[in-house]
Amino acid sequence: MANNDTIAAISTPPGAGGIGIIRMSGALSLTFLQTIFQPADSTCCFESHHLYYGRVVHPDSDRVLDEVLAVFMAAPKTYTREDVVEIHCHGNVLVLQSILELLLNLGVRLADPGEFTKLAYLNGRIDLTRAEAVIDILSAKTRKGIEMAQEQLGGSLYEQVDAVRSSLVQMRAVVEVAIDFPDEDIEIVNHEALLLQLRDDVIKPLKRLERQAEHGKIIRDGVSVVIVGLPNVGKSSLLNTLLQEERALVAPIPGTTRDTIEEYLDIQGLPVRIVDTAGIRQGADEVEVMGIERARKQIDQADLVLFMFDGERGFQESDRELLETVNHKQLLVLANKSDIVSPLQVKNIFGFTEAGLPLIQISAKEQQGIAALKESIYQAVVGGKDQWQEESCAPNVRHKAALNFAVAAAIRLEDGLKSRLSSDLLAIDLQGCLEQLNAIVGTTTTDDVLDVVFKQFCLGK
Ligand SMILES: Nc1nc2c(ncn2[C@@H]2O[C@H](COP(=O)(O)OP(=O)(O)OP(=O)(O)O)[C@@H](O)[C@H]2O)c(=O)[nH]1
Ligand SMILES: [Mg+2]
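Numbering (the working numbering), first residue to last: 1277 to 1737.
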């Protein structure tokens, strides 16, 4: 799978920045560096893991491409376990591209997305769960998400899965002895002891991991909260207030927002994708209708809908009609503009609380009731699953699928042990369970699974 190419990519994001980094990995990295880099100090010997100042010069034309810092890192103490070179240039994408192109012309191959991390995995520096943790660190939306990803990079998930694997390997040894000596009279397999080990050391920890995967989804993907209401009720004002920036246009003209606008918000460590939508109404113009369609799509995917009406104008028939189209979703009803209407008035007029729907009064403009709203959002979407904050690891969707299969195999094994099934049949489920765990940590992962995992990376990582 690993080949002997030397690969390179721009590892910093596109756009202007203080510095931009080109990374190279492979046995010829140093040779390529020496071809294009002129160190300021002629005695430079490219000592491993030392940074050298100099210039990148085109070997044919002597044209200076940039003033840079370059570092050579000798295998195996590198990200990929191969020889690695980094060239730190000025952070202009044109400069970076010109140096990268020069390397490619010299015979370096452009790295695939995630290929550096894939090499780290293929060369045995990290297991697959740690490689996936790298993706999580890059894409985490909250501090909590980063914390979890770093735990996983440190091996928290690997170690838990590996402990279960060890137990299964031990159990398999016992069962295999019985298969090898089928004619022995004595019962080699101590079913009770195996059952105990299976329950305590396999099923219990696997179920805990399954539960953690539920939380993993919350931490990784967060939840989607969509603000819905008639035009002009103050949806965009709420988005701006939540984000504490003037992200969306706000105007007293109904139909101001025509597209959906989404941003991430951190509520007590929970990544919340908050979406402002076009006000929904009859008789909208063509563009508005397109916006309304998009709003409907967002509503379909939402974990929670914030249904907003104008507290000053009151809850009207048109609000009720709109509410009916979204009340199959989890809802919070917001009466906005509490700065110009007294809370008591809202209650008396609309009687929401009496009807059983929790009513939250806010002023999006004057930022009143926002802390309580955030708390309500958090409670609505996290509810009883509050222990997600304390979890030490967050299995992802891929892990979860494998965990589900592993638990199913373990439970079949439990049944088999209880009914004294023959050893060769027990061995099948033991092996099945083990294989799922091997796939999680990546010892027996197929190429197409690896492709899916590493495609999630950006270029240069
Ligand atoms: N007094 C008061 N005015 C508000 C409040 N929130 C919004 N407004 C005003 O209501 C008008 C409409 O606000 P927007 O935030 O643009 O409303 P919207 O729901 O996004 O409107 P559309 O995008 O047209 O659907 C603006 O003039 C805001 O200043 C509030 O809490 N109090
Ligand atoms: Mg708006």
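Glycine residues also receive a C-beta, built at the ideal position from the N, C-alpha and C atoms. For clarity, every value in this text was computed on a predicted model and none was experimentally measured.
Heavy atom of ligand 1 within 7 Å of residue i beta-carbon
{"i": "Gly1492", "result": "no"}
{"i": "Asp1561", "result": "no"}
{"i": "Asn1612", "result": "yes"}
{"i": "Ile1616", "result": "yes"}
{"i": "Ser1594", "result": "no"}
{"i": "Ala1527", "result": "yes"}
{"i": "Gly1708", "result": "no"}
{"i": "Gly1505", "result": "yes"}
{"i": "Asn1508", "result": "yes"}
Straight-line Cα distance separating residue j from residue i
{"i": "Asp1586", "j": "Ile1568", "result": "19 Å"}
{"i": "Ile1625", "j": "Ile1479", "result": "Any reading at Ile1625 is ruled out, since the residue's pLDDT is 47, under 50, leaving its predicted position unreliable."}
{"i": "Leu1345", "j": "His1491", "result": "43 Å"}
{"i": "Thr1721", "j": "Leu1649", "result": "45 Å"}
{"i": "Gly1431", "j": "Asp1561", "result": "55 Å"}
{"i": "Ala1703", "j": "Leu1482", "result": "19 Å"}
{"i": "Gln1544", "j": "Glu1377", "result": "45 Å"}
{"i": "Ile1716", "j": "Asp1438", "result": "10 Å"}
{"i": "Phe1389", "j": "Leu1398", "result": "The question names Phe, but residue 1389 in the sequence shown is Pro. Those two C-alpha atoms are separated by around 15 Å."}
{"i": "Lys1605", "j": "Leu1525", "result": "27 Å"}
{"i": "Leu1740", "j": "Leu1701", "result": "The structure shown does not extend to residue 1740, since the chain is modelled only from 1277 through 1737, so no value can be given for it."}
{"i": "Ser1442", "j": "His1675", "result": "18 Å"}
{"i": "Pro1507", "j": "Leu1404", "result": "48 Å"}
{"i": "Lys1417", "j": "Ala1425", "result": "11 Å"}
{"i": "Gly1718", "j": "Pro1671", "result": "14 Å"}
{"i": "Arg1596", "j": "Glu1642", "result": "26 Å"}
{"i": "Gln1436", "j": "Leu1689", "result": "20 Å"}
{"i": "Cys1734", "j": "His1366", "result": "21 Å"}
{"i": "Gln1732", "j": "Asp1615", "result": "46 Å"}
{"i": "Gly1627", "j": "Asp1723", "result": "Low per-residue confidence applies at Gly1627: pLDDT is 49, beneath 50, and the placement is therefore not dependable, though the value from the model is reported in the following sentence. In a straight line, the C-alpha of Gly1627 is about 60 Å away from that of Asp1723."}
{"i": "Gly1659", "j": "Ile1411", "result": "28 Å"}
{"i": "His1467", "j": "Lys1694", "result": "7 Å"}
Residue i CB to nearest heavy atom of ligand 2 below 7 Å
{"i": "Thr1536", "result": "no"}
{"i": "Thr1282", "result": "no"}
{"i": "Lys1394", "result": "no"}
{"i": "Lys1605", "result": "no"}
{"i": "Lys1641", "result": "no"}
{"i": "Ala1524", "result": "yes"}
{"i": "Thr1532", "result": "yes"}
{"i": "Lys1511", "result": "yes"}
Assigned secondary structure, residue i (DSSP; H/G/I helix, E/B strand, else coil)
{"i": "Asn1778", "result": "Nothing about residue 1778 can be reported from this structure: the residues present for the chain run from 1277 to 1737 only."}
{"i": "Asn1381", "result": "helix"}
{"i": "Gln1314", "result": "strand"}
{"i": "Thr1720", "result": "coil"}
{"i": "Ser1374", "result": "helix"}
{"i": "Ser1513", "result": "helix"}
{"i": "Asp1535", "result": "coil"}
{"i": "Asp1456", "result": "helix"}
{"i": "Val1617", "result": "coil"}
{"i": "Val1340", "result": "strand"}
{"i": "Val1333", "result": "strand"}
{"i": "Ser1698", "result": "coil"}
{"i": "Lys1573", "result": "helix"}
{"i": "Cys1321", "result": "coil"}
Contact test: residue i Cβ vs ligand 4 heavy atom, cutoff 7 Å
{"i": "Ala1554", "result": "Judged by which ligands are present, ligand 4 is missing from the structure shown, whose ligands are ligand 1 and ligand 2."}
Beta-carbon proximity of residue i to residue j, cut-off 8 Å
{"i": "Asn1680", "j": "Glu1408", "result": "no"}
{"i": "Tyr1434", "j": "Arg1475", "result": "no"}
{"i": "Ile1286", "j": "Gly1293", "result": "no"}
{"i": "Leu1514", "j": "Ile1503", "result": "yes"}
{"i": "Ile1537", "j": "Arg1557", "result": "no"}
{"i": "Ile1375", "j": "Ile1298", "result": "yes"}
{"i": "Ala1682", "j": "Cys1709", "result": "yes"}
{"i": "Gly1510", "j": "Asn1612", "result": "yes"}
{"i": "Val1501", "j": "Leu1395", "result": "no"}
{"i": "Phe1348", "j": "Val1340", "result": "no"}
{"i": "Ser1699", "j": "Val1451", "result": "yes"}
{"i": "Pro1547", "j": "Tyr1540", "result": "yes"}
{"i": "Thr1533", "j": "Ile1646", "result": "no"}
{"i": "Ala1571", "j": "Ala1554", "result": "yes"}
{"i": "Phe1308", "j": "Leu1379", "result": "yes"}
{"i": "Leu1738", "j": "Met1447", "result": "Since the first and last residues shown for the chain are 1277 and 1737, residue 1738 lies out of range."}
Identity of the residues DSSP links to residue i by a beta bridge
{"i": "Ala1284", "result": "Met1300, Leu1386"}
{"i": "Ser1639", "result": "Gln1644"}
{"i": "Ala1346", "result": "Tyr1328, Ile1363"}
{"i": "Met1584", "result": "Gly1505, Leu1610"}
{"i": "Asp1542", "result": "Pro1547"}
{"i": "Asp1552", "result": "Ile1503, Ile1537"}
{"i": "Ile1295", "result": "His1366"}
8 Å Cβ cutoff, residue i in contact with chain C
{"i": "Ile1295", "result": "Looking for chain C here will not work: only one protein chain is present."}
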